[in-house]
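In what follows, a structure is listed as structure tokens, so that the remarks can point back to it.
Residue numbers (this note's numbering), protein chains in the order written: chain A, 296 to 731; chain B, 10 to 308.
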């Protein structure tokens with residue numbers, strides 16, 4: 296019999312014990328495909344996805360989805376970039392901006408999903424067109440839409456309308472009407488600062504740089520997204536319109552107003568307290584109003600549009616499922632995505648977070664349609680012209696240039712044509728580099 | 010002179026002892042440093058392999074990128090104004106708080122506390138203070154009969170606002186100057202008293218020269234830090250309004266992580282490195298006449 300002496304024998308025994316226990320603990324994972332799943336937010340939205348992942352794990356014994364909260368899915372802080380570049384990407388990523396799909400795909404960050412779609416029964420025609428459009432880059436499919444939301448609807452404060460002598464039940468439909476309404480509502484205080492704002496076109500969700508150009512009937516790219524068309528006439532008109540607001544009401548006053556206003560999660564937000572007549576905001580704003588200032592007397596309608604522009608524009612954004620480049624279990628990843636997007640399940644998810652499923656049939660199943668407030672958004676999407684952000688790989692740069700151009704135009708430092716010519720030149724140079 | 014066997018063994022042992030740090034330094038500092046130098050000459054989006062473009066990034070930065078020069082201007086503005094301001098304020102404060110009066114300890118603590126507030130929290134706090142319509146600062150100014158300013162929403166006042174905000178954190182430098190002040194031998198002051206020197210003469214001829222190594226250190230560290238100013242601009246203004254707060258590092262970050270232009274950003278990083286290097290060397294050279302080290306020759 297071996298005597299257990301101090302030193303080597305004891306150490307060896309401990310080592311073996313540790314090895315065996317680790318192996319035993321690791322047993323459940325052997326034979327399973329582990330999918331690393333990154334999701335971008337915490338709170339209710341995040342918890343819901345984690346709960347769904349756990350449910351998936353129960354019904355799929357040979358796959359284990361491990362959900363991990365990574366702020367913004369690591370898109371803006373370099374984490375996702377680093378994970379892909381380092382060859383250790385997550386297997387499934389849920390991100391909140393479908394438009395970024397082109398950026399990732401063009402640079403080789405995503406796995407082409409086209410070959411897997413038929414097998415798992417995911418079909419373009421089942422999805423909202425404007426959402427699916429963001430998934431397609433150079434003829435291939437790089438992502439799957441999850442849940443979408445209207446980003447731009449017109450919210451109006453009926454009490455503010457009434458005090459300004461406007462009919463609280465008739466929101467403006469055309470841009471001309473919106474201008475008239477804004478003129479009647481806007482009031483200044485004794486210091487020359489804006490006390491009640493009528494409309495600030497680029498505030499909140501109106502700030503999406505591709506929004507007003509599209510409403511005015513313009514396009515920021517040609518249809519193949521190979522040419523930048525920021526200086527085409529309709530886009531120039533849109534920016535001139537914004538510039539006119541800066542001139543009329545004072546760019547500095549607007550900046551001061553926007554710099555001092557409270558966010559939607561404060562009961563003092565200007566829309567709740569009668570300091571804002573009209574606001575371009577997303578469907579989640581209704582949730583905020585009902586939560587923080589339920590007594591606000593407000594209405595929701597389609598965004599006003601110019602006569603030769605886009606009628607009843609409905610600007611949407613969508614969450615997107617990605618399978619990063621280098622993910623090792625693409626088939627299983629798509630299986631998980633397909634399961635999460637199954638129409639009854641997706642409808643429930645969308646209802647819980649107050650948004651719309653991007654699967655058209657799932658949208659039809661949603662309970663939210665019957666809600667007096669949220670039902671309006673379904674209406675806007677189903678009866679309007681649905682538009683979304685371009686998925687061009689140069690979009691982040693393009694958008695920033697447009698913001699700078701807009702600031703210069705609003706402050707009257709340059710004309711819209713000049714600023715947009717400059718944007719076109721710069722962005723085209725960048726785009727050409729990417730397309731080479 | 011040849012190395013003896015013992016010395017050789019000692020060297021080997023020494024290297025072995027520092028090998029963890031050495032490995033870490035080589036892998037995580039030196040290698041990425043030289044990688045970024047390489048990437049500065051490439052077109053690199055991180056997700057795909059880089060491809061060589063030679064001096065194109067440099068050419069574009071220097072000759073075809075307006076925002077680059079705007080960011081250089083903004084950064085220089087910040088460096089040139091904030092550094093002297095913080096130095097003078099820090100030293101003055103330290104001198105004032107060095108007097109042996111009851112309660113000085115409490116005052117020193119109060120001045121130091123802002124430096125331990127996390128940057129994100131203080132940025133949000135200051136955003137409030139700078140609120141154009143009902144912020145503390147404008148309210149205070151109105152009381153004194155001064156007009157309200159746009160602060161962070163005004164292209165003219167955005168940088169001064171950020172510099173003003175930095176003054177809040179002066180306690181960190183102050184503590185270091187205080188330590189330096191404690192180091193000045195009392196007999197120098199006693200000798201000056203005997204010769205009939207007044208407070209101002211003592212400060213100018215004793216305190217400042219004896220404090221000069223510390224001031225020099227703070228100047229160099231401050232210079233290096235000021236050129237890399239980023240966090241507050243990133244959180245509070247995102248480079249606006251009208252690019253007034255687009256600092257060098259912020260523009261670099263945007264290029265690297267928002268526009269996927271890592272190669273371009275790497276070139277920027279090395280330009281920043283050269284700028285800081287040259288500035289630091291200039292300060293070093295010009296310090297020879299102004300900095301006095303105790304216990305050595307007064308060079």
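We treat Cβ as the ideally placed atom computed from N, Cα and C, and that holds for glycine. All figures in this text were calculated on a predicted structure; none of them were measured in a lab.
* Measuring alpha carbon to alpha carbon, tell me which of A:688, A:304, A:655, A:624 ends up nearest residue 359 of chain A. => A:624
* **Minimum C-alpha distance to residue 574 of chain A - residue among A:559, A:471, A:702, A:586** => A:559
* Asked: Applying the criterion that 16 or more other CB atoms from any shown protein chain within 10 Å of the CB defines a buried residue, is residue 307 of chain B buried or exposed?
  -> Here residue 307 of chain B scores only 47 on pLDDT, less than 50, and its place in the model is too uncertain to base an answer on.
* Asked: In three-state DSSP terms, what is residue 708 of chain A?
  -> coil
* To do: Can you have a look at residue 627 of chain A and say buried or exposed, based on whether 16 or more other CB atoms are within 10 angstroms of its CB?
  => buried
* **Contacts that residue 488 of chain A makes with chain B (C-beta to C-beta distance below 9 Å)** => 141, 142, 157
* At 8 Å on the CB atoms, spell out the chain B contacts of residue 573 of chain A, in chain order. => Neighbours of residue 573 of chain A on chain B: none; closest Cβ ~20 Å, over 8 Å.
* For residue 333 of chain A, which three-state DSSP category applies? -> strand
* **Range of the contiguous beta strand (DSSP E) that encloses residue 361 of chain A** => 358 to 364
* **Positions along the region 375 to 397 of chain A whose CB lies within less than 8 Å of some CB in chain B** => 376, 377, 379, 380
* If we ignore side chains and look at the alpha-carbon of each, how far apart do residue 514 of chain A and residue 690 of chain A end up? -> 13 Å
* Taking Cβ to Cβ, would you say residue 278 of chain B is nearer than 9 Å to residue 171 of chain B? -> no
* residue 79 of chain B vs residue 246 of chain B beta-carbon contact at 9 Å -> no
* To do: Could you list which residues in chain B have their beta carbon closer than 8 Å to that of residue 553 of chain A, in chain order?
  => 162
* Under 7 Å Cβ to Cβ from residue 141 of chain B, same chain only, skipping five residues before and after it: list those, please. => 147, 157, 159, 160, 162
* Asked: Does residue 432 of chain A get closer than 9 Å to chain B when you measure Cβ to Cβ?
  -> no
* **From B:183, B:198, B:164, residue whose alpha carbon lies closest to that of residue 94 of chain B** => B:183
* **chain B contact for residue 526 of chain A (CB, 9 Å cutoff)** => no
* Asked: Roughly how many angstroms lie between the CA atoms of residue 4 of chain B and residue 225 of chain B, to the nearest whole one?
  -> Absent from the model: residue 4 of chain B. The displayed extent of chain B is 10 to 308, so no value can be given.
* Can you name the residues of chain A whose CB is closer than 7 Å to the CB of residue 55 of chain B? -> 376, 380
* Bounding residues of the alpha helix (DSSP H) (the contiguous stretch that carries residue 199 of chain B) -> 195 to 203
* Could you name the residues of chain A that residue 267 of chain B contacts, counting a contact when the two beta carbons are closer than 9 Å? => 371, 691, 692, 695
* In this structure, what does DSSP give as the bridge partners for residue 668 of chain A? -> Residue 668 of chain A is not bridged to any residue.
* Asked: Given residue 331 of chain A, which residues of its chain have a CB within under 7 Å of its CB, disregarding the five upstream and five downstream residues?
  -> 361, 363, 385, 386
* Asked: So, is the C-beta of residue 335 of chain A closer than 9 Å to a C-beta in chain B?
  -> no
* Asked: DSSP state of residue 610 of chain A, grouped into three classes?
  -> strand
* Under 9 Å between C-beta atoms of residue 63 of chain B and residue 48 of chain B -> no
* **Selection of the region 231 to 257 of chain B by Cβ proximity to chain A, strictly under 8 Å** => 249, 250, 251, 252
* Below-9 Å beta-carbon distance, residue 253 of chain A vs any chain B residue -> The shown model of chain A, from 296 to 731, leaves out residue 253 of chain A, and the question about it has no answer.
* Option in A:583, A:355, A:447, A:401 with minimal Cα separation from residue 648 of chain A -> A:583
* Any idea if residue 133 of chain B is buried or exposed, counting beta-carbon neighbours within 10 angstroms, 16 or more meaning buried? -> exposed
* Exposed unless 16 or more other CB atoms sit within 10 angstroms - verdict on residue 406 of chain A -> buried
* Asked: For residue 307 of chain B, which three-state DSSP category applies?
  -> Confidence at residue 307 of chain B is low in this model, with a pLDDT of 47, below 50, so the placement of that residue should be treated as unreliable; the coordinate-derived value is given next. It is coil, neither helix nor strand.
* To do: In angstroms with no decimal places, state the Cα-to-Cα distance between residue 83 of chain B and residue 207 of chain B.
  => 41 Å
* Asked: beta strand (DSSP E) containing residue 573 of chain A: first to last residue?
  -> 573 to 576
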